[in-house]
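In this note's numbering, the protein residues as written are 13 to 338. Here a beta-carbon is modelled for each residue, glycine too, at the ideal position from N, C-alpha and C. Since we're looking at a predicted model, the values are computed, not measured. Notes for the one structure printed next.
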């Protein structure tokens with residue numbers, strides 16, 4: 013059970029970590045060192061590629077990356093495997109490495125080995141990794157004080173040890189859409205598992221300075237483009253540039269053998285989860301996930317045999333139009 017409060021000594025200790033060198037890693041490099049972070053495209057179209065092997069691909073790494081590059085300009089991959097970073101970059105994709113140790117942190121376990129491994133990976137391969145994603149749904153799973161302590165122990169350390177490397181965290185905020193026609197009531201989640209998925213909590217996380225970007229889910233219902241546009245315009249006002257804001261959705265990937273909708277449904281989904289956030293001024297989108305086993309399902313954008321469908325064709329068109337416009 014996750015405690016609702018974190019002892020002050022824990023929070024102070026985590027903040028101190030953000031201001032000191034990790035025990036197993038040398039202090040931050042001097043001004044003559046190479047630039048550590050590769051560029052982040054804008055708009056950023058990213059999807060989750062995990063290890064880029066085995067159960068996470070349709071065919072093989074090279075073939076899948078070639079397909080991904082027709083609809084995305086970035087992938088999120090597991091940390092520690094530079095081979096998949098290099099392969100994605102060879103396919104023309106920016107790469108964000110990820111991990112999620114919030115449950116271990118909440119249980120009082122040491123997560124320093126993970127942060128040290130990533131620091132070594134970035135320093136050993138400067139200019140190849142464009143960002144670090146430190147957690148999924150952090151404000152759903154951890155209360156605010158604990159979430160910020162976790163981000164101090166991860167994003168805070170990366171900011172000190174890897175200057176210029178963007179730190180990204182996945183968050184949720186049902187208040188962005190609540191009360192709009194056809195959306196959830198603004199009282200629906202006040203005391204349930206999503207009670208911390210609010211504007212105010214996200215503002216506290218952003219004000220901590222431990223992260224540079226949100227992957228943001230808005231609890232959108234019925235693929236409503238207008239509701240999402242209003243939600244993301246409000247989010248952009250709450251978190252103005254240069255803070256990075258990416259709309260995150262798991263709604264487009266499907267479990268069926270073939271896409272269950274038609275061209276009209278595909279268009280509605282793309283308008284809501286791709287076009288609306290970009291119109292609202294967000295820095296890009298995050299779509300989960302390329303080829304992802306989840307519970308008893310396999311979630312994909314392509315049909316399970318790797319063939320195309322109206323949804324995939326629409327994502328490709330939206331991506332091509334968005335990057336061409338820039």
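(1) Determine the direct distance from the alpha carbon of residue 110 to that of residue 119, and round the result to whole angstroms.
(2) Could you compute how far the alpha carbon of residue 154 sits from the alpha carbon of residue 107?
(3) So does the region 260 to 273 actually touch the region 204 to 221, counting three or more Cβ pairs closer than 8 Å?
(4) Between the Cα of residue 12 and the Cα atoms of 200, 226, 294 and 225, which residue gives the shortest distance?
(5) Kindly indicate which three-state DSSP category residue 211 falls into: helix, strand or coil?
(6) Should residue 90 be counted as a contact of the ligand MG given a C-beta to heavy atom distance under 7 Å?
(7) Compute the Euclidean distance between the alpha carbons of residue 322 and residue 197, then round it to the nearest angstrom.
(8) Less than 6 Å between C-beta atoms, sequence neighbours within five positions excluded: which residues of the same chain meet that for residue 69?
(9) In the DSSP output, what is residue 312 paired with across the bridge?
(10) For residue 87, I'd like the list of residues in its chain whose CB is within less than 7 Å of its CB, leaving aside the five on either flank, ordered along the chain.
(11) For residue 276, count the other beta carbons within 10 Å of its own beta carbon; 16 or more makes it buried, fewer makes it exposed. Which is it?
(12) Just the Cα atoms here: how many angstroms apart are residue 335 and residue 64?
(13) Assign residue 308 to buried or exposed, taking buried as 16 or more other Cβ atoms, counted over all protein chains shown, within 10 Å of its Cβ.
(14) Count the other C-beta atoms from every protein chain shown that fall within 10 angstroms of the C-beta of residue 47, then say buried if there are 16 or more, exposed otherwise.
(15) Tell me where the alpha helix (DSSP H) around residue 131 begins and ends.
(16) With distance defined between alpha-carbon atoms, name the residue in 247, 133, 287 and 281 nearest to residue 92.
(17) Ends of the beta strand (DSSP E) at residue 258?
(18) How would you call residue 158, buried or exposed, if buried means at least 16 neighbouring beta carbons within 10 angstroms?
(19) Less than 6 Å between C-beta atoms, sequence neighbours within five positions excluded: which residues of the same chain meet that for residue 147?
(20) So for residue 152, helix, strand or coil by DSSP?
(21) With a CB to CB cut of under 8 Å and the five nearest residues on each side skipped, what residues in its chain are close to residue 78?
(22) Taking the C-alpha atoms as reference points, what is the distance between residue 273 and residue 250?
(23) Would you grab the beta carbon distance between residue 224 and residue 255 for me? Rounded to a whole angstrom, and I think it's under 8 Å.
(24) State the Cα-Cα distance for the pair residue 267 and residue 319, rounded to the nearest angstrom.
(25) Bridge partners for residue 58 per DSSP, in chain order?
(26) Closer than 6 Å by C-beta to residue 123: which residues in its own chain qualify, once you throw out the five before and the five after it? Chain order, please.
(27) Check whether the Cβ of residue 319 lies closer than 8 Å to any Cβ atom in chain D.
(28) Taking a contact to mean a Cβ-Cβ separation below 8 Å, would you say residue 152 touches residue 209 in this structure?
(29) In its own chain, which residues sit with a C-beta less than 7 Å from the C-beta of residue 52, not counting the 5 before and 5 after it?
For this structure:
(1) 20 Å
(2) 27 Å
(3) no
(4) Because the chain here runs from 13 to 338, residue 12 falls outside it and cannot be looked at.
(5) helix
(6) The model depicted lacks the ligand MG and carries no ligand whatsoever.
(7) 32 Å
(8) 76 and 303
(9) 266 and 303
(10) 58, 59, 61, 80, 100, 105 and 107
(11) exposed
(12) 24 Å
(13) exposed
(14) exposed
(15) 124 to 136
(16) 133
(17) 256 to 261
(18) buried
(19) 112, 114 and 181
(20) helix
(21) 103
(22) 34 Å
(23) 7 Å
(24) 14 Å
(25) 86 and 298
(26) 113, 116 and 117
(27) The chain inventory of the structure shown lacks chain D, comprising one protein chain alone.
(28) yes
(29) 106, 142, 143 and 178
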